[in-house]
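Only one structure is covered here, and it is reproduced in the block below.
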Amino acid sequence: MRRLWHRLSLVRSPARCIYCTSNRTELFPFNKTPSLTLGLLQSFSTHIIPTHNESIMRDHKDDCQLNSTNKINKASLLADFYRALSTQDIDRIWPLYTYIFNNNLLTYLTPQNFHSIFTYTVRNRTSQKNLHRLCALVDDMKARGISLQLSEYNALMDWVGGKTVPHRHPHHLTDALSIFEEMEKTSVTDEKGESRTKQPVKPSVFTFNILINIAAHLSDIRTAQKLYHDMLSREMKPDAYTYTPLFYAMSKMGDIDGMDHMLKDIQSTGFNINDNTIMWNVIMAGYAHNGLKEKAIAIFNGMDRDQLPSSCKKKGRSKPVADAESYRIYIDMMVRDGKLEQALETLDNMRKLGVKPVITIYNTLFASIMRPKNDLYAYEFENMDEIEKERRLKLLHELFKSLNDSHIKPNSDTMYTLVSAFLDLGDTKSALETFVFLSKNDSIPPSNKSLNRSVAHLAKERFLISKKDPSKIESTAELIDRLNDIVTKSVI
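Count along the sequence shown from 1, then add 366; that gives the number in our numbering.
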């Protein structure tokens, strides 16, 4: 059942049969046909859901096989496999690995081959497809008696724990905890029900950090605290990646007393929290989210805002350095309090200091100029005088110009908030122009870097690109309806 996913997401193209001159359906995902012939055709039959036409193709393949006098060359097969393995691209490796599996040839692969495939899979895009690959690979490793290393257990828990989906669910935590229990066992039971001994793997601080992070995102503070105390009982020293998700979980649950208590405990242990700005950002956002804005503002005012975060790498700082996220939280608080001028002043200070704003800051400022959803404030907005409207329109154009000058990539929220703000202020022309501009400029510009680089460098670049947010800017149905209504009225 692990390998049923192979049948999905394949593009077909017409090609010549490798055994005769008739046409067949090409299922190979590469741009170029490798030297392996017979094996590839057998392998691809397991990647799709059989149809009538594909059954005919299989019969045709069998006829070609009977007429062929060439036998499978294992040396050629392994050569193709190692050639694909050298690319570090799992999309090239996996079809050949599947063929090897289907023909019971896994015994020709070394344990290092399995570990390499595991590494290249977790370096690839975090998708459900790659998760299934990872699980199938782990099953094969267990069947061969190959033990997972600590780093591989950590990666597997991270992936199984909901890394591939936008929102985690309780079963993700359950699956991750089952892997955590398995790694400490001295014996395992295989698919045949036979028990065999294995070397237990001791968890590390990073292992607990992964599990605590999964529990924190599910607001399961009890499990997160159990893991934290289990970590302390093993005499492990927590780090910033341990405390940050705990603060996050407590802030989501509104447990401000728990946040204060943990903050005192951290400071009493001698851990210098000032070295980690991210932790302070989580604490500040937790206070702001639960209505304690005075505490949040006090944290921001206590930060070092005279230098760039990237230029201050020394340890043992007396106060944390404010980064773009720190400014975002503070500007969001100012906007919610109706202090737009102070928020704009903070944005100007960011640019003067050299801290590049994040797109969320501009989206928040655009949204503050939109028509409020509250009926009381909406009435005041609709009765705004022309002078105030002109001032807000000028501010919108200045912010949009600042966004483009800073080379900050907009997203779907940018389109909705900015275009809606122009429409609410009655500037239909600017709204349509902005909508067209953002719709045409939502793609990533091609890279001018030379492709004459090592495989390891290209693999690292592919990994970083796969982690980026989707580049497609999509407008909401509400915004499309408003624009369609305006265009319809103008035509009539």
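Virtual Cβ for every residue (Gly too), placed ideally from N, Cα, C.
On the three-state DSSP scale, how would you describe residue 389? Start at 1 with the first residue of the sequence shown, and residue 389 comes out as number 23. The predicted model places residue 389 with a pLDDT of 39, which falls under 50 and marks its position as unreliable, so this point remains unresolved.
Continuous alpha helix (DSSP H) stretch holding residue 442: start and end: Residue numbering aside, residue 442 sits at position 76 when the sequence shown is read from its first letter. Start and end: 440–452.
Using 8 Å as the cut-off, can you tell me whether the stretch 688–704 makes contact with the stretch 721–728, which would need three or more C-beta pairs spanning the two stretches below that distance? In this structure the stretch 688–704 lies against the stretch 721–728, because at least three pairs of beta carbons, one per stretch, are closer than 8 Å.
Which one or two residues does DSSP pair with residue 555 in a beta bridge? The residue given as residue 555 occupies position 189 in the sequence shown. Beta-bridge pairing links residue 555 to 561.
Leaving out the 5 sequence neighbours to the left and right, which residues in its chain are closer than 6 Å to residue 616 when beta-carbon positions are compared? Position 250 of the sequence shown holds residue 616. 624 and 625, listed in sequence order.
Nonlocal neighbours in the same chain, by C-beta distance under 7 Å from residue 444, ignoring five residues either side: Reading the sequence shown from its first residue, position 78 is the one you call residue 444. Hits under 7 Å: 474.
Given 8 Å as the limit, is there contact between the stretch 549–556 and the stretch 600–609, that is, 3 or more CB pairs closer than that? Touching, no.
Return yes when the Cβ of residue 783 is within less than 7 Å of the Cβ of residue 709, no when it is not. Reading the sequence shown from its first residue, position 343 is the one you call residue 709. Reading the sequence shown from its first residue, position 417 is the one you call residue 783. For residue 709 and residue 783, no; Cβs fall outside 7 Å.
Distance between beta carbons of residue 787 and residue 736, contact taken as under 8 Å: Here residue 736 refers to the residue found at position 370 of the sequence shown. Here residue 787 refers to the residue found at position 421 of the sequence shown. Between residue 787 and residue 736 the Cβ distance is about 5 Å, and since that is below 8 Å, they are a contact.
Specify the secondary structure class of residue 802 as computed by DSSP and reduced to three states. Residue 802 sits at position 436 when you count from the first residue of the sequence shown. Three-state result, residue 802: helix.
Just how far apart, CA to CA, sit residue 590 and residue 578? Here residue 590 refers to the residue found at position 224 when the sequence shown is read from its first residue. Here residue 578 refers to the residue found at position 212 when the sequence shown is read from its first residue. Their Cα atoms are separated by approximately 5 Å.
Length of the line joining the Cα atoms of residue 573 and residue 612: In the sequence shown, counting from the first residue as 1, residue 573 sits at position 207. In the sequence shown, counting from the first residue as 1, residue 612 sits at position 246. So the alpha carbons of these two residues sit roughly 15 Å apart.
Residue 715 and residue 686 closer than 7 Å at C-beta: Stepping through the sequence shown from its first residue, residue 715 is reached at position 349. Stepping through the sequence shown from its first residue, residue 686 is reached at position 320. For residue 715 and residue 686, no; Cβs fall outside 7 Å.
Which residues in the same chain as residue 759 place their Cβ atom closer than 7 Å to its Cβ, once the five residues preceding and following it in sequence are excluded? By 1-based counting over the sequence shown, the position of residue 759 is 393. Excluding sequence neighbours, residue 759 sits near 791 and 793.
Does DSSP put residue 687 in a helix, a strand or coil? Within the sequence shown, residue 687 is the residue found at index 321, counting from 1. In this structure, residue 687 counts as strand in the three-state DSSP scheme.
Residue 714 (DSSP reduced to helix, strand or coil): Within the sequence shown, the letter at position 348 stands for residue 714. DSSP places residue 714 in helix when its eight states are reduced to three.
Taking its Cβ as the centre, do 16 or more other Cβ atoms sit within 10 Å of residue 518, making it buried, or is it exposed? As a working note, residue 518 is residue 152 in the sequence shown. Residue 518 comes out buried.
Please determine, among 848, 619 and 529, the residue with the shortest C-alpha to C-alpha distance to residue 490. Here the question's residue 490 lines up with position 124 in the sequence shown. Among 848, 619 and 529, the Cα nearest to that of residue 490 is on 529.
Taking 7 Å as the limit between beta carbons, can you name the residues of its chain near residue 694, skipping five residues before and five after? Residue numbering aside, residue 694 sits at position 328 when the sequence shown is read from its first letter. In its chain, beyond the 5 residues on either side, 724, 726 and 727 have a beta carbon closer than 7 Å to the beta carbon of residue 694.
Same chain, Cβ closer than 7 Å to residue 593, five either side skipped, listed in chain order: Working through the sequence shown from its first residue, we reach residue 593 at position 227. Result list for residue 593: 574, 577, 578 and 581, in chain order.
Under three-state DSSP, which class holds residue 751? Along the sequence shown, one-based indexing puts residue 751 at 385. Here residue 751 sits in coil by DSSP.
Give me the Cα-Cα distance between residue 472 and residue 451, rounded to the nearest whole angstrom. Numbered from its first residue, the sequence shown carries residue 472 at position 106. Numbered from its first residue, the sequence shown carries residue 451 at position 85. Distance between residue 472 and residue 451, taken at the CA atoms: about 15 Å.
Residue 609 versus residue 554: straight-line alpha-carbon distance, rounded: Residue numbering aside, residue 609 sits at position 243 when the sequence shown is read from its first letter. Residue numbering aside, residue 554 sits at position 188 when the sequence shown is read from its first letter. The alpha-carbon atoms of residue 609 and residue 554 are separated by roughly 33 Å.
Put residue 670 into one of helix, strand or coil per three-state DSSP. Residue 670 sits at position 304 when you count from the first residue of the sequence shown. Strand, per DSSP.
Here's the rule: buried if 16 or more other CB atoms are within 10 angstroms of the residue's CB, otherwise exposed. What is residue 510? Sequence index remark: in the sequence shown, residue 510 carries index 144 (1-based). Looking at its Cβ environment, which holds fewer than 16 other Cβ atoms inside 10 Å, residue 510 is exposed.
Between residue 568 and residue 513, how many whole angstroms is the CB-CB distance? I'm expecting something under 8 Å. Here residue 568 is taken as the residue at index 202 of the sequence shown, counted from 1. Here residue 513 is taken as the residue at index 147 of the sequence shown, counted from 1. Not quite, the Cβ-Cβ distance comes to about 13 Å (not below 8 Å), so this is no contact.
Cα separation between residue 662 and residue 762? By 1-based counting over the sequence shown, the position of residue 662 is 296. By 1-based counting over the sequence shown, the position of residue 762 is 396. Cα to Cα, residue 662 sits roughly 28 Å from residue 762.
Between residue 487 and residue 496, how many whole angstroms is the CB-CB distance? I'm expecting something under 8 Å. For the purposes of this step, residue 487 is identified with residue 121 of the sequence shown, where counting begins at 1. For the purposes of this step, residue 496 is identified with residue 130 of the sequence shown, where counting begins at 1. The C-beta distance from residue 487 to residue 496 rounds to 6 Å, short enough to fall under 8 Å.
Would residue 839 and residue 778 be called neighbours here (beta carbons separated by less than 7 Å)? If you number the sequence shown from 1, residue 839 lands on position 473. If you number the sequence shown from 1, residue 778 lands on position 412. In this structure, the beta-carbon distance from residue 839 to residue 778 falls below 7 Å.
Measure from the alpha carbon of residue 523 to the alpha carbon of each residue in 455, 532 and 500, then state which is nearest. By 1-based counting over the sequence shown, the position of residue 523 is 157. The candidate whose alpha carbon is nearest that of residue 523 is 500.
Got a sec, what are the start and stop residues for the alpha helix (DSSP H) residue 652 sits in? One-based indexing of the sequence shown puts residue 652 at position 286. Where residue 652 is concerned, the enclosing alpha helix (DSSP H) starts and stops at 643–655.
Roughly how many angstroms lie between the CA atoms of residue 658 and residue 607, to the nearest whole one? Translated into the one-based positions of the sequence shown, residue 658 becomes position 292. Translated into the one-based positions of the sequence shown, residue 607 becomes position 241. Cα to Cα, residue 658 sits roughly 24 Å from residue 607.
Who are the Cβ neighbours of residue 619 in its own chain at under 8 Å, not counting the five residues just before and after it? Here residue 619 is taken as the residue at index 253 of the sequence shown, counted from 1. Residues of the same chain with a CB within less than 8 Å of the CB of residue 619, apart from the 5 flanking positions on each side, are 585 and 587 in chain order.
Which two residues bound the contiguous alpha helix (DSSP H) that contains residue 841? As a first step, residue 841 must be located in the sequence shown, where it is residue number 475. Note, residue 841: premise wrong, no alpha helix (DSSP H); not H, not E.
Beta-carbon gap between residue 780 and residue 729 smaller than 7 Å: Against the sequence shown, residue 780 aligns to sequence position 414. Against the sequence shown, residue 729 aligns to sequence position 363. Yes.
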